[in-house]
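In this note's numbering, the protein residues as written are 330 to 616. Cβ atoms here follow ideal geometry from the backbone N, Cα and C, with glycine treated the same way.
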Amino acid sequence: MKFLVLTLLFFTGCSTVKPPTKIYQSQQLNISGLVEGARSPLVIDDSTFVIDARSQFDYSLSHIPQSISLQWDEFSRPGAIHRGLLNEDLFKVTRRLARKGLGPETKVIVLGNGLQGAGEEARLTWTLLYIGIKNVQFAGLSYFQKAPMTNEQSPPKKNAKMWKPNLVSSLISTKEEIRKAMAPASLKGKVYLIDVRSQREYFQKTDGGSFDINAINIPWEKFISEVGRPNFKIKKELSSFGVSATDRIITISNQGIRSGAVAAALTLMGYSNVGNYNGGYQMLFKK
């Protein structure tokens, strides 16, 4: 009997053991520096780390010399149904970036397909800003159309010093925050939900489900310029909705990709309190 009791206690104890909670540092962005970078011409020099966020196939055909290939979904949660969710082990993410030569002080330019893509390079920019890289800009590859290109594999860069995540927690929104923001304007305060899907997707939002969250619809492409950089012209439209640079803005799309792109664009344009709901509608109203 004693053996049975001890055995039960052993297995009961084992069933309640949880993995240790990871604790991350947090910080605020240097918004003025990011805005200055977004308004200025982008220059690739010896201090610039260029990331090509296009597919590996496109990268293999032609890319900026010394750039490396990284896709936004390499930082997604492994095996997750909801593709937009970030890897839960952000220490692992920063260690990997350090081995590629990236540190928190690295000047980074992320290139992609611009308006011909789905905002992948801006979504990756959002990820890098969130985990603590302070100086990140994005553009379409066409922005550097006069730059020399190559199809040769770039040599490995020198490892950066290992670093820990230093999160900008405001860049992520939660389901709880979304639920509160769905309340009537008189109750939720200065919080703006922006649905960045296409108008067709937006107006089908209630078909067979619960996609009506009282959000403003501004398609993600409006936040991106013709050369794939943040489009400062959108600020006038945002002002017409009463949105100011310090208001809480939550972006949402189906999977958190396009909304991540818009969160990055808004941040680089000086909006200091933007959060991406990176689970998207798929997670918000999962069946």
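Beta carbon of residue i nearer than 8 Å to that of residue j
i	j	result
Ala-590	Gly-461	no
Ile-410	Ile-393	no
Ile-360	Leu-453	no
Asp-576	Ile-545	no
Ile-438	Leu-522	no
Glu-506	Ile-579	yes
Ser-498	Ser-355	yes
Thr-596	Leu-414	no
Sequence-distant residues of the same chain with beta carbon closer than 8 Å to residue i, five excluded per side
i	result
Ala-574	Gly-599, Tyr-600 and Ser-601
Glu-566	Ile-547 and Lys-551
Lys-490	Ala-427 and Gly-432
Leu-444	Gly-469, Glu-550, Ile-553, Glu-555 and Gly-557
Cα-Cα separation between residue i and residue j, rounded to whole angstroms
i	j	result
Tyr-610	Ser-569	26 Å
Gly-608	Phe-378	29 Å
Arg-558	Tyr-353	30 Å
Leu-358	Ile-586	21 Å
Lys-504	Ser-582	13 Å
Thr-423	Gly-432	8 Å
Tyr-606	Ser-471	29 Å
Lys-519	Lys-429	40 Å
Glu-434	Tyr-459	14 Å
Leu-496	Trp-401	17 Å
Arg-526	Phe-532	10 Å
Trp-455	Ile-563	18 Å
Ser-369	Asp-375	18 Å
Gly-537	Gln-584	A caution first: Gly-537 carries a pLDDT of 48, below 50, which makes its placement in the model unreliable, though a value can still be read off. Roughly 18 Å separates the two Cα atoms.
Gly-446	Ala-367	20 Å
Tyr-488	Leu-457	As written in the sequence, residue 488 is Asn, which differs from the Tyr given in the question. Answer to the nearest angstrom: the Cα atoms are 17 Å apart.
Asn-543	Asn-480	47 Å
Phe-473	Ala-512	44 Å
Arg-425	Lys-493	11 Å
Ala-510	Lys-436	35 Å
Ala-476	Glu-365	23 Å
Gly-571	Glu-530	24 Å
For residue i, the first and last residue of its enclosing beta strand (DSSP E)
i	result
Arg-577	577-581
Phe-614	Premise fails: Phe-614 is in no beta strand (DSSP E) and is neither H nor E.
Ala-468	464-469
Phe-386	That residue, Phe-386, is in no beta strand (DSSP E); its alpha helix (DSSP H) goes 385-390.
Ile-563	Run containing Ile-563: none in the beta strand (DSSP E); it sits in the alpha helix (DSSP H), 563-569.
Val-603	603-605
Tyr-521	520-524
Other residues of its chain near residue i: CB distance less than 6 Å, five sequence neighbours each side excluded
i	result
Ile-501	Gly-604
Gln-395	Ser-483
Ser-389	none
Gly-441	Ala-382, Arg-383, Glu-449 and Glu-450
Ala-593	Ala-451, Thr-454 and Trp-455
7 Å Cβ shell around residue i - same chain, five flanking residues per side excluded
i	result
Met-478	Ser-391, His-392 and Ile-393
Gln-528	Asn-546 and Pro-548
Leu-398	Position check: residue 398 holds Ser in this sequence, whereas Leu was assumed. So the list reads Asp-381, Gln-385 and Tyr-388, once near-sequence residues are dropped.
Met-612	His-411
Phe-561	Met-598
Arg-508	none
Extent of the continuous alpha helix (DSSP H) run through residue i
i	result
Tyr-531	528-532
Phe-378	From DSSP, Phe-378 is part of no alpha helix (DSSP H) but of the beta strand (DSSP E) over 377-381.
Val-591	587-597
Ile-438	No alpha helix (DSSP H) contains Ile-438, which is instead part of the beta strand (DSSP E) from 436-441.
Val-364	360-368
Ile-507	504-510
Tyr-459	449-460
Leu-426	419-428
**Message:** Whether or not the stretch 399-417 and the stretch 462-469 are in contact is what I'm after, with contact meaning three or more pairs of Cβ atoms, one per stretch, closer than 8 Å; do they touch?
**Reply:** With fewer than three CB-CB distances shorter than 8 Å, the stretch 462-469 does not count as touching the stretch 399-417.
**Asked** Counting Cβ pairs closer than 8 Å, one from the stretch 415-425 and one from the stretch 482-489, do we hit at least three?
**Response** At 8 Å Cβ cutoff, the stretches do not touch.
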